[in-house]
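K.L.:
There's a structure below that I have some questions on.
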Amino acid sequence: MPKPMRDSEWLAKMLFEFSYWHAIKGTPFKPQAYELASESVVALGKELERTWKKGGVKALVDLPGIGQSIAEKIDEYFRTGRVREYDALKRKFPVDIWGLSRIEGLGPKHIGQLWRELRIANIDDLEFAIEKQKIRALKGWGPKSEEKLARGIALLRSSTGRHPLKDVLPLAETIVKRLRKVTGVKQVAMAGSLRRKKKDVGDIDLIATSSDPKTVMEAFVSMPEVAAVHEVGKTRSSVRLKYGIDCDLRVVPDRVFGSTLQYFTGDRRHNILLRERAIKQGYKLNEYGLFKKGKLVPVPTEDDIYRILGLKTPPPEKRLGKDEFKAR
């Protein structure tokens, strides 16, 4: 099997596609397990193969997010350069799940429907179907759906890559200052790699709370720094700034500000370990909040999450999924 990317990248892609495939089939639990494993592989990088070389499947199972079945697939790939179950999947469902899933608004059910009804297997197929106005004829779709997909493809193809922190931080601070002056805004915080002070960042992620989200969104997309508006929603909007970087704003209730900020700050490996710790203590933690037996636990600050899970709150730049997890 050709390997056009690093082993960890290929494995993450494979596991992600298994996640979508099980979601398309409606298999319970497996989509989440494969998605978590994919995120873990991305976070581990070269450490994944080093761990495998030291202890094989047994060592892989000890890694965050990696169960027995998934460890066996990783082991098979490192030993043979292929995964037979994945090869069989691609013969049965020859769709570029990885590519299509990067388009805004395309989830597992949509990708499955597009393949079944129009045999759309990749972005080029999708673009051709949009040009021929075939998407709007499908159940649950329409002209606006086609327009949104076309914008998503254009956005994906015009991606400008990563930007130096020293250039992005002043711009983000300007946006934050403007938002704090908007009527109804209570809190605004940076998230993502920008908050973790990485040397370069892909985009700007902002989290806010407000008594009037609609007004906040209108003010956000109308700022003088905005060059193009990708999406305007009730609680999330996305824009391209004049400096060639995308900026996303999410407005959430006060009671989940802490969990939302923590989730979108990352990094992936830190979040995976934190989620696993939450599960062991009877909680469920995701971008929507912290839950106990299906009920939302208010976490207005990040400190609330870490305190509940028996941890000290690590500085964002130290959230690496390594030694920052020290119980009180």
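According to my numbering, the sequence shown is numbered sequentially starting from -11. All C-beta atoms in this analysis are idealised placements derived from N, C-alpha and C, irrespective of residue type, glycine included. Here the structure is a predicted model, which is why all the values come from computation and not from measurement.
Grouping DSSP H, G and I as helix and E and B as strand, with all else coil, what is V176?
P.N.:
Note: V176 maps to strand in three-state DSSP.
K.L.:
Please state whether DSSP places R183 in a helix, a strand or coil.
P.N.:
If DSSP states are grouped into helix, strand and coil, R183 belongs with the helices.
K.L.:
Skipping 5 residues on each side, what residues in its chain have a beta carbon closer than 7 Å to that of A11?
P.N.:
Result list for A11: P19, P96, in chain order.
K.L.:
What do you reckon, are the CB atoms on I192 and L182 nearer than 9 Å?
P.N.:
A contact, by the Cβ cut-off of 9 Å.
K.L.:
When the Cα atoms are used, what is the spatial distance from P16 to G55?
P.N.:
Rounded to whole angstroms, P16 to G55 spans 16 Å at the Cα level.
K.L.:
What residues in its chain sit with their C-beta under 7 Å from that of S225, if we drop five residues either side in the sequence?
P.N.:
So the qualifying residues of the chain are M205, F208, V209, E219, L237.
K.L.:
When the Cα atoms are used, what is the spatial distance from I58 to E73?
P.N.:
Taking the straight line from one Cα to the other gives about 11 Å.
K.L.:
Quick one: grab the DSSP three-state call for E305.
P.N.:
It is helical.
K.L.:
Under three-state DSSP, which class holds G277?
P.N.:
Here G277 sits in strand by DSSP.
K.L.:
Cutting at 7 Å between CB atoms, please list the residues of its own chain near F313, excluding the five before and the five after it.
P.N.:
Closer than 7 Å at the Cβ level, and outside the excluded window around F313, lie L261, L299.
K.L.:
Check K127 in the structure and name its three-state DSSP category.
P.N.:
Three-state DSSP puts K127 in coil, outside helix and strand.
K.L.:
State the beta-bridge partners of L236 as determined by DSSP.
P.N.:
Residue identity check: residue 236 is Asp in the sequence provided, not Leu. Beta-bridge pairing links D236 to D193, S226.
K.L.:
I want to know whether the stretch 250 to 258 touches the stretch 23 to 37 - three or more CB-CB distances under 8 Å.
P.N.:
Contact between the stretch 250 to 258 and the stretch 23 to 37 is present, because at least three Cβ pairs lie under 8 Å.
K.L.:
Measuring CA to CA, which of L229, K187, V173, F252 is closest to S198?
P.N.:
Ranking L229, K187, V173, F252 by Cα distance to S198 puts V173 first.
K.L.:
Skipping 5 residues on each side, what residues in its chain have a beta carbon closer than 7 Å to that of V176?
P.N.:
Correct list, in chain order: V164, L167, R168, L194, A196.
K.L.:
For R79, count neighbouring Cβ atoms within 10 angstroms of its own Cβ and tell me buried if that reaches 16, exposed if not.
P.N.:
It is exposed - the Cβ of R79 has fewer than 16 other Cβ atoms within 10 Å.
K.L.:
If you reduce the DSSP assignment to three classes, tell me which class V164 lands in.
P.N.:
Helix, per DSSP.
K.L.:
Can you name, in chain order, every residue of its own chain whose Cβ lies under 6 Å from the Cβ of T253, other than the five neighbours on each side?
P.N.:
Result list for T253: A179, R183, P304, in chain order.
K.L.:
Taking the straight line between their C-alpha atoms, what separation do you get for A109 and T248?
P.N.:
Approximately 34 Å, taken between the alpha carbons.
K.L.:
Okay, do the stretch 85 to 92 and the stretch -2 to 12 touch, 3+ Cβ pairs below 8 Å being the bar?
P.N.:
The stretch 85 to 92, when compared against the stretch -2 to 12, does touch it at the 8 Å Cβ threshold.
K.L.:
Which residue comes first and which comes last in the alpha helix (DSSP H) that contains L329?
P.N.:
As shown, the chain starts at -11 and ends at 316. That puts residue 329 outside it, with no answer to give.
K.L.:
Between the Cα of E92 and those of S133, E64, G277, spot the shortest distance and give me the residue it belongs to.
P.N.:
Nearest C-alpha to E92: S133.
K.L.:
Helix, strand or coil for D188, going by three-state DSSP, please let me know.
P.N.:
It is a strand residue.
K.L.:
DSSP state of E92, grouped into three classes?
P.N.:
It is coil, neither helix nor strand.
K.L.:
Assign F245 to one of two classes, buried (16 or more other C-beta atoms within 10 Å of its C-beta) or exposed (fewer than that).
P.N.:
Under this definition F245 is a buried residue.
K.L.:
In chain order, what residues of the same chain have a beta carbon less than 7 Å from the beta carbon of P82, not counting five sequence neighbours either side?
P.N.:
These residues qualify, in order along the chain: A109.
K.L.:
Quick one: Cα of T68 to Cα of K61, how far?
P.N.:
Computed Cα separation, rounded: 10 Å.
K.L.:
Taking DSSP as the reference, what is the three-state secondary structure of P201?
P.N.:
Three-state DSSP puts P201 in a helix.
K.L.:
Quick one: using the 10 Å Cβ neighbour count with 16 as the cut-off for buried, is Y231 buried or exposed?
P.N.:
Counting Cβ neighbours within 10 Å, Y231 comes out exposed, since fewer than 16 surround it.
K.L.:
Is it buried or exposed for D112, if we count other Cβ within 10 angstroms and need 16 for buried?
P.N.:
Exposed, since its Cβ has fewer than 16 Cβ neighbours within 10 Å.
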